[in-house]
Amino acid sequence: RDNILWGISLTVLTEILEEMGIPFVEQDIQTYDVVNADEAWMPTTPYCLGPVVRFNGVPIGDGTPGPLWRKIIDRWSEAVDKDIYREVTEAPAPS
Numbered sequence: 065r066d067n068i069l070w071g072i073s074l075t076v077l078t079e080i081l082e083e084m085g086i087p088f089v090e091q092d093i094q095t096y097d098v099v100n101a102d103e104a105w106m107p108t109t110p111y112c113l114g115p116v117v118r119f120n121g122v123p124i125g126d127g128t129p130g131p132l133w134r135k136i137i138d139r140w141s142e143a144v145d146k147d148i149y150r151e152v153t154e155a156p157a158p159s
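Residue 65 is where the sequence shown starts when you use the working numbering, and the numbers rise one by one after that.
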C-alpha cells in the first residue's frame, strides 16, 4: 500500500465491493488507464465515493457518474441510512 492513502472511506468501499462480489485490485495506474476507464471514483470522507467524470479535461466514460458507482452508492446509503446520492449530486462542483 505504498501509493494509497488508506482510510475509513476506502475500508468501507472494499467491504461493500466484497459484499457485492466486485473485485478490488490495488495496482499502480497510468493516465491512459484513467481516461480509458468506463468509470472512475475517488473515496472521500465528505461524499463516501465521489464519481470522477473528467481527468485533465478528458471525459471518463460518457462524462457522467456511471451505473456501477450508483449501485455502490445505493448500497452504502443503505448501510448508513442516508441518501448519499442526493448529497453528492446536489453538492457544488469543484472549480
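Ideal placement from N, C-alpha and C gives every residue a C-beta, glycine not left out.
Computed from a predicted model, the values in this text were never measured in an experiment.
For residue i, I'd like the list of residues in its chain whose CB is within less than 7 Å of its CB, leaving aside the five on either flank, ordered along the chain.
| i | result |
| --- | --- |
| Leu77 | Pro107, Leu113 |
| Asp147 | Ser141 |
Using a 10 Å radius around the Cβ and a threshold of 16 neighbouring Cβ atoms, would you call residue i buried or exposed?
| i | result |
| --- | --- |
| Tyr96 | exposed |
| Gly85 | exposed |
| Ala157 | exposed |
So residue i and residue j are in contact, right, with Cβ under 8 Å, and what is the actual spacing, rounded?
| i | j | result |
| --- | --- | --- |
| Ile93 | Arg139 | Rounded, the Cβ-Cβ distance is 24 Å, inconsistent with contact. |
| Tyr111 | Ala143 | Tyr111 to Ala143, Cβ: 15 Å. No contact. |
| Val122 | Trp105 | Not confirmed; about 16 Å, so no contact. |
CB-CB under 6 Å to residue i, same chain, minus the five flanking residues each way: which ones, in chain order?
| i | result |
| --- | --- |
| Phe119 | Val98, Val99 |
Are residue i and residue j close, meaning C-beta to C-beta below 8 Å?
| i | j | result |
| --- | --- | --- |
| Ile136 | Tyr149 | no |
| Asp145 | Gly125 | no |
| Ser73 | Thr109 | yes |
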